[in-house]
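In our numbering, the protein residues as written are 46 to 337.
Quick reminder that beta carbons are idealized off the backbone N, C-alpha and C, glycines included.
Note that the structure is a prediction, hence the values are computed from the model and not measured.
Report on one structure; see the data block that follows.
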């Protein structure tokens with residue numbers, strides 16, 4: 046299979062029709078490159094709200110605008126996934142869940158079937174500046190491409206969430222405003238690939254949008270990562286985009302490569318999780334007395 050992940054340039058477009066045309070162009074280019082799976086980043090769905098909402102400020106305004114355009118954005122992405130016969134992870138954005146606003150994206154299959162994924166652990170900024178609520182459950186998808194899990198940005202920095210998914214492909218849509226945040230998510234993506242014997246796929250927003258606190262500054266890169274093990278590149282990097290360079294980053298992920306994760310790897314970290322838990326639960330031996 047071929048996987049394409051986006052370093053997606055967010056911007057304020059002049060109309061909702063212009064946003065539709067932009068998304069259609071991006072999906073077309075990704076599909077024409079032979080991709081079976083397209084991955085968009087965190088908060089990219091807010092671009093539809095930017096086109097529908099006059100310039101303003103305030104996270105509550107953008108949460109409301111995001112909720113108002115969320116269903117339309119999903120249906121647009123669904124139509125494009127069906128038309129091009131691809132799996133597609135939508136950009137995430139505010140979504141109304143029974144009176145709670147969550148940060149939600151959807152994985153869409155080529156037949157138009159869509160499943161929701163919510164961010165589980167909010168960042169300090171989201172807790173302080175927004176009214177977003179954490180998701181209630183992780184989501185795991187059994188697809189023709191393999192078992193796919195999704196962890197939205199900050200969620201990828203928590204190993205137990207990835208461990209619970211136990212997936213073949215772990216998609217990590219991200220949105221970070223500083224080089225430190227971008228590095229944390231990329232490092233997390235590479236660590237999750239190592240620990241989980243899976244392929245991780247990171248998408249990122251790039252660019253600046255004045256007047257929208259969610260997307261005012263964006264820096265990052267797209268990339269695909271594997272365990273540094275038999276059958277993969279020695280450093281585990283399948284593909285890495287340049288920092289802040291918009292475009293699709295693509296890589297082939299062969300079925301044989303995924304099989305190697307399960308039966309032919311040099312190390313088997315998931316098989317030894319329990320053993321590490323036992324060791325961690327024991328009190329460490331103190332070999333050297335502290336000096337005064």
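Here DSSP, grouped into helix, strand and coil, assigns residue 226 to helix. Only residues of its own chain outside the window of five on either side were considered, and among them 84, 134, 195 and 246 have a CB closer than 6 Å to the CB of residue 216, listed in chain order. Within a 10 Å sphere around the beta-carbon of residue 263 sit 16 or more other beta-carbons, which makes this residue buried. Minimum Cα-Cα distance from residue 153 among the listed residues 94, 123 and 53 corresponds to 123.
Distance from the Cα of residue 176 is smallest, within the candidate group 139, 204 and 182, for 139. Looking at the DSSP output, residue 214 bridges to 193 and 244. Here residue 82 really is in contact with residue 132; their C-beta atoms are around 4 Å apart, less than 8 Å. In the three-state reduction of the DSSP assignment, residue 61 falls in the helix class, which pools H, G and I. Around the beta-carbon of residue 202, 16 or more other beta-carbon atoms lie within 10 Å, marking it buried. Short of 7 Å from the beta carbon of residue 224, and not among the five residues preceding or following it, lie these beta carbons of its own chain, in chain order: 264. Exclusion of the five residues before and after residue 306 leaves 242 as the residues of its chain whose Cβ lies within less than 6 Å of its Cβ.
When secondary structure is reduced to three states using DSSP, residue 266 falls in the coil class, being assigned neither helix nor strand.
In summary, residue 157 is exposed, with fewer than 16 beta-carbon neighbours lying within 10 Å of its beta-carbon over all protein chains present. The beta carbons of residue 114 and residue 267 sit no closer together than 8 Å. Sequence-distant partners of residue 118 (beyond 5 residues in either direction) whose C-beta falls short of 6 Å from its own C-beta, in its chain, are 90 and 93.
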